[in-house]
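Heads up, the thing below is written out as structure tokens.
In our numbering, the protein residues as written are 6 to 299.
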């Protein structure tokens, strides 16, 4: 008996396969760049002898494990989808126990975990730069928690559609990055201005400037990618698939690049372990640090 495939179903599957290959190809290229950054971060951080180095190395390794798992799931999903498409074309009896739904769910869960690891690194950096003041964590923590709830609702319930959940989650991710970037860069800018009053060496002030530029650049890159993803948000579209693949890897590349910068420069201004007392000797400046005033 001859078996024919509905043309609409065929086109839909074929289009999905094409987009999947585009996303995976882009992710693989950027993943290769990320692996090099990860290895460089391990090398540079291992040469630091300051406090907090082990924590940074552990965070970098966790991000590498989750990022590699995510990449493996992407490859596995496109392979399974291609085999499933072949079954649809060649036989009427479609395999009922396809592993594709489980792989797609695992991809989403891994993406959520990866997001929280990456943002936790920026959250910790902000926390330490602000002198371990817990109040600075309130707003970004609320945004991260809201993002987690939205992702869970989109994944496990019908309260939010996957498309709406994706848009909201991306916007919340952008908002979290903007808040952390503004808080961190603003604090370092205040430190730089306070340090200039005690006539610190121009080299040290230059380090503060480079630290601010790095923080702003990393924040802008991630936010720009997230905003563009929201604008082009159309699951199944080729443009969306490509930029989603880019954003997936930026979650790992941006914080890892920051860790590489910390390891290469090994300086207080760009380090997560900034200690204000090392730079501010005057009493009135010390009071400013203790009160956290800007």
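Built from N, CA and C at the ideal position, the CB exists for glycine as well.
With 16 or more neighbouring CB atoms inside 10 Å of its own CB, residue 248 falls in the buried class. Distance from the CA atom of residue 217 to the CA atom of residue 120, rounded to whole angstroms, is 23 Å.
Of the candidates 213, 157, 62, 250, 250 places its Cα closest to the Cα of residue 80.
Taking C-beta separations shorter than 8 Å and ignoring five residues to either side along the sequence, the partners of residue 237 in its chain run 244, 245, 248, following chain order. For the pair residue 222 and residue 186, the Cα-to-Cα distance works out to about 9 Å.
Close CB contacts of residue 69 within its chain, under the 6 Å cut and outside five residues either way in sequence, are with 43 (chain order). The segment 107–117 makes no contact with the segment 130–142; the number of CB pairs closer than 8 Å stays below 3. Per DSSP, the continuous alpha helix (DSSP H) segment holding residue 161 begins and ends at 143–161.
The distance from the Cβ of residue 77 to that of residue 105 is about 15 Å, inconsistent with a contact at the 8 Å cut-off. Distance between residue 175 and residue 183, taken at the CA atoms: about 12 Å. Following the DSSP letters along the chain, one finds residue 130 inside the alpha helix (DSSP H) bounded by residues 105–134.
Taking the Cα of residue 197 as reference, the smallest distance to any Cα among 189, 214, 181 is reached at 214. Between residue 131 and residue 189, the CB-CB gap stays under 8 Å. An exposed status is given to residue 143, since fewer than 16 other beta-carbon atoms sit within 10 Å of its beta-carbon. The beta carbons of residue 181 and residue 124 sit closer together than 8 Å. Residue 265 has its alpha-carbon roughly 5 Å from the corresponding atom of residue 46.
In this structure residue 148 does not touch residue 194 by the C-beta definition: roughly 22 Å separates them, more than the 8 Å allowed.
Short of 6 Å from the beta carbon of residue 257, and not among the five residues preceding or following it, lie these beta carbons of its own chain, in chain order: 39, 68, 72.
The residue among 21, 37, 133 with its C-alpha nearest the C-alpha of residue 60 is 133. Setting aside the 5 residues that flank it on each side, residue 65 is surrounded in the same chain by 46, 264, each with a C-beta closer than 6 Å to its C-beta; the list follows chain order. DSSP, read as helix, strand or coil, puts residue 61 in helix.
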